[in-house]
Each structure stands twice: as structure tokens, then as C-alpha cells.
Amino acid sequence: MGDLFGFGGAFGGRQQRKSAPRRGSDLRFDLNIPFEEAAFGTERTIEVERLEQCGECKGAGGSGEETCYQCKGSGVTGKTQRTPFGIFSTQTTCGKCGGSGRAIRNPCKKCGGLGIVRARKKIKVKIPAGIDNGNHLRLGGEGNSGAKGGPAGDLFVVVFVEPHKLFKRDGVDIFTEMPISFSEAALGTKLDVPTLDGAATVKIPPGTQSGTIFRLKGKGIRQLRGNGYGDLYAKVIVETPRGMSRKQRELFEEIKKEENMREERKRFF
Ligand SMILES: [Zn+2]
Ligand SMILES: [Zn+2]
């Protein structure tokens, strides 16, 4: 209703309050970090463009503050309008002082009287170990400075974790796959499994089936809150040999003779 008849400025004083010192807006910065840095924590220097308090006038906007001559300090200007509905007296926020009722005689040349200027700022960001894709860090007071001496907003750093060649992550647990050969699966072996801090030896027992998952306790990612670690799950994939040599073929033929796979399959029916 207010908007319909142009009463916006007269009601509630919302626009007037807007021109008082107000908090600066929040900022968002998207940061990509490698998988390992998310796991172990890191420190980055980011550069953000933001509004900062003008150094020239210290945020005051200039010198010689006085009562606004246009609105005589009321912060609003009124006018009377004749409309088909009758005579309306409408008030709008004073354009000269922005509703504050105060004006500056000598506006600062650097900021044009706003008290804030656009600036590029380098900020050091400490990224804790265990941060996950899409998590954000809130840096209080590092957002845009407020107008007319208002407090600064916050800076939100949204972290995006780059995928890893070997590992997939789900919370604090990580997953990897290890190819092993037929004979290794059949006879058993010791495998060097990559972890976030070097290789770990895993004993593969004889007769290991493809798809078997080995759990390496505590070899996952550090909890963001807390001191615990997730686990590493390593899944063995038995690779069927391809392009065998004549010798290999002969050996497999030998094995085949010894196998009782036909009998095993019969049990299914
Ligand atoms: Zn200034
Ligand atoms: Zn005014």
C-alpha cells in the first residue's frame, strides 16, 4: 500500500534508518585447494576486493559536519501532491544527506563523502586439517566496511577440495583401489598401499577374492572437530591377465586341468 501511493518514505522510517551507520555487507571468496592440503590443513593468502574505511577522512566522509540545509535536519523532504484521490502529502528521504539530517561541508575528495573506498586486500587464511568440499570459513569483520562508520561485514571463504588421482573421500574416510594379479590373489602377497602419509604394507592372504576391502584404521582424514582420524579402505581388484606369453598360457592350461570349476558351478543349479 505504501508503495502504491508513494508513501514509502513517510511510513515506518525504514529508509531513514538505512542511512544511519550500518554494517557492511558480507563477502564470499571461493578457494580451491588440493586434496592433501584439505587433509593436513594449510595456509593461504587470498586477495579480496572490498570496501574499506577511507584512510583520508578516517571514515567520516569529510569535515565540517552540520545540519543538512535541505531537510533542516529532519532527514526527509516533503511535498504536496494533487491526485484524483485527493491531496497527498508525501515525504521522501532527503537526497542531500541520505536521511541522516547531517551534512558535511567539506566532503572528502578521496571517497566523495562516503567514508569508504574500494580496495584490494591480502588476507591470510588458516585452513584447518579435515576441511571438506563445500565447507566455509567465516572471517569476522573482514567483509565490506560499513557506511558512515558502521561495522564491517564478514568474509566467508568457501573451500572446494580438488579430486585426487588415487583417493576418494567420504567424510573422514578415504577409499582407494589396488590392482593385484591372479597369482597374487591366489597365493597371497604383501602389498604397498598408498596412504596420505606414505605407503603402508597390507598383507593379502591366499585366496583373496576380487572386491575384498581391507581397512587401514586411522589412515583416513583428521576430524575437523576432534582429534580422531578416519580410516582408509583399500579394495583389491584382481586383474585378469591379458596378452599372455606362451609360457604363461601353458602354465594356465596346467592350472586349468587341476581346477574343479565345472564341479563348483554345478552346485549353483
Ligand atoms: Zn574519505
Ligand atoms: Zn537532509
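Start counting at 1 in the sequence shown, then tack on 7, and there's your number in my numbering. Think of the CB as a built atom: it goes at the ideal place given N, C-alpha and C, for glycine as much as any other residue.
Rounded to the nearest whole angstrom, the C-alpha separation of glycine 119 and glutamine 230 is 49 Å. Assignment of beta-bridge partners to leucine 58 by DSSP yields Arg125. Counting C-beta pairs with one atom in each stretch, the segment 127 to 134 and the segment 51 to 60 have three or more that are closer than 8 Å, which means they touch. The Cβ neighbour count for lysine 226, taken over all protein chains shown within 10 Å, is at least 16; the residue is labelled buried. Only exposed fits serine 188, as fewer than 16 other CB atoms lie within 10 angstroms of its CB. The C-alpha of glycine 137 is placed about 8 Å away from the C-alpha of arginine 232.
When distances are taken from the beta-carbon of glutamine 77 to the heavy atoms of ligand 2, the shortest one is below 6 Å.
Annotation: the continuous alpha helix (DSSP H) that includes phenylalanine 259 extends over 253 to 265. The Cβ atoms of leucine 144 and valine 168 lie no closer than 7 Å to each other.
In this structure serine 152 is buried. Its beta-carbon is surrounded by 16 or more other beta-carbon atoms within 10 angstroms. With 16 or more other Cβ atoms from the protein chains shown falling within 10 Å of its own Cβ, serine 107 counts as buried. For the options Leu38, Lys264, Arg272 and Glu59, the alpha carbon positioned closest to that of glycine 157 is the one of Glu59. In the displayed model, phenylalanine 174 falls within coil according to three-state DSSP, outside both helix and strand.
If you ignore the 5 residues before and after glycine 195, its C-beta comes within less than 6 Å of the C-beta of Ile211, Pro212 and Pro213, all in its own chain and listed in chain order.
As DSSP reads the structure, glutamate 72 sits in a beta bridge with Ile111.
Look at the beta carbons and you see the segment 71 to 86 not touching the segment 243 to 259: under three pairs across the two are nearer than 8 Å.
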